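Last residue of the sequence shown: 230 in full-length UniProt numbering, with the numbers rising by one and none dropped.
The beta carbon of each residue, even a glycine, is placed where N, CA and C say it ideally should be.
Computed from a predicted structure; not experimentally measured.
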Amino acid sequence: MIKVLIADDQELIRHSLQIVLSNKQNIEVTDAVADGQEVIRSVRKNKPDVILMDIRMPKMDGVQCTKIIKENYPEIKIIILTTFDDDEYIYDALKYGASGYLLKGVSMDELVNAIQTVYSGRAMINPDIATKVVRLFSQMAKADFFIDTGQKAEQELTKTELKIIEQIEYGLSNKEIADALNLSEGTVRNYISTILNKLKLRDRTQLAIWAIQAKIGKKGLNMERHNENE
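Have a look at this one:
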């Protein structure tokens, strides 16, 4: 059962989502709230798996709320819902750890699919803004958003960890990485957790940006300076 929290300042949208999602198999709506402060209170009480987060809410908007939630509950997945495909919102929401970004108006089947997708550990971006997201990620990977992990930490990466980072750089999901490297999904998740700890990175998004900056894919895996242990 996937526990979902709905956050939207428009009562009609909030209640409509609650009614429809409550009737879906394997989805439990834990709460439906109107602003970011209520999101934080509800998260503390109900511990949802996925939050559907409106970008524009009173008291605390969806971007700031995403930042706070991901800092304190990194395991919770957040899908940003908005009628505005604004660059600043896309950039910040993804930078702070949102797993998905959908424009309001998507079908309920698409929304349910998005919930299931992010719950499984993958990202879900609305096709209408996918091109813009790619461009923004490219900008984030430039010097004005440089991520320095330190040379010593990088040297501690094993060959298998480098292979996994390379796959993340290419945008592969945990399942796709597991299939490509003949590993289980659980093993891939454990490797990613170890990699994030070694590099002192917050999440998969930062890891992907660092991999682009470090040109992991272009360097290939013939890197003698790295730990030979698997």
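Quick check: residue i and residue j, are their CB atoms within less than 8 Å of each other?
| i | j | result |
| --- | --- | --- |
| R202 | G97 | yes |
| V118 | V50 | yes |
| Q185 | N174 | Note on residue identity: the sequence assigns Glu, not Gln, to residue 185. Yes. |
| A180 | Q167 | yes |
| T82 | D54 | yes |
| A32 | R56 | no |
| I115 | I79 | yes |
| K70 | G36 | no |
Reducing DSSP to helix, strand and coil, say where residue i ends up.
| i | result |
| --- | --- |
| Q18 | helix |
| D109 | helix |
| A7 | strand |
| L81 | strand |
| D92 | helix |
| D31 | strand |
| W210 | helix |
| L172 | coil |
| Y191 | helix |
| Y73 | coil |
| K200 | coil |
| L12 | helix |
| L157 | coil |
| L183 | coil |
For residue i and residue j, I'd like the C-alpha separation in whole angstroms.
| i | j | result |
| --- | --- | --- |
| V4 | T30 | 6 Å |
| V188 | I19 | 36 Å |
| N26 | E75 | 19 Å |
| D92 | K24 | 31 Å |
| R122 | L21 | 20 Å |
| I209 | I2 | 29 Å |
| D61 | I68 | 11 Å |
| A178 | Q213 | 24 Å |
| E11 | A34 | 8 Å |
| Y170 | V43 | 32 Å |
| Y191 | E161 | 7 Å |
| A211 | M124 | 20 Å |
| E176 | Y73 | 26 Å |
| K163 | S120 | 21 Å |
| N182 | L199 | 24 Å |
| S16 | I165 | 40 Å |
| E28 | N126 | 23 Å |
| I46 | K159 | One detail in the question is off: residue 46 reads as Asn in this sequence, not Ile. So the two alpha carbons sit approximately 40 Å from each other. |
| A143 | N113 | Only weak support exists for where A143 lies, its pLDDT of 45 falling under 50; the coordinates are left without a value. |
On the DSSP bridge assignment, give the partners of residue i in chain order.
| i | result |
| --- | --- |
| V43 | DSSP, once it has assigned bridges, lists no residue as partnering V43. |
| D61 | Per DSSP, none; premise fails for D61. |
| M53 | A7, I80 |
| I125 | Y101 |
| I2 | I27 |
Whose CA, out of the options, lies closest to the CA of residue i?
| i | options | result |
| --- | --- | --- |
| residue 246 | S22, L12, L21, T66 | This structure does not reach residue 246, given that the chain is present from 1 up to 230, and the question cannot be answered. |
| L157 | E176, G121, T194 | T194 |
| K77 | P48, K95, I192, Q155 | P48 |
| residue 259 | K70, Y73, P58, L52 | This structure does not reach residue 259, given that the chain is present from 1 up to 230, and the question cannot be answered. |
| N6 | L94, Y73, L111, I90 | One detail in the question is off: residue 6 reads as Ile in this sequence, not Asn. Here the closest residue by C-alpha is L111. |
| Q206 | K159, L172, Q155, L94 | L94 |
| D8 | K159, E28, V63, K45 | V63 |
State yes or no: is the C-beta of residue i nearer than 7 Å to some heavy atom of the ligand NAD?
| i | result |
| --- | --- |
| I115 | Although the ligand NAD was asked about, the structure shown includes no ligands whatsoever. |
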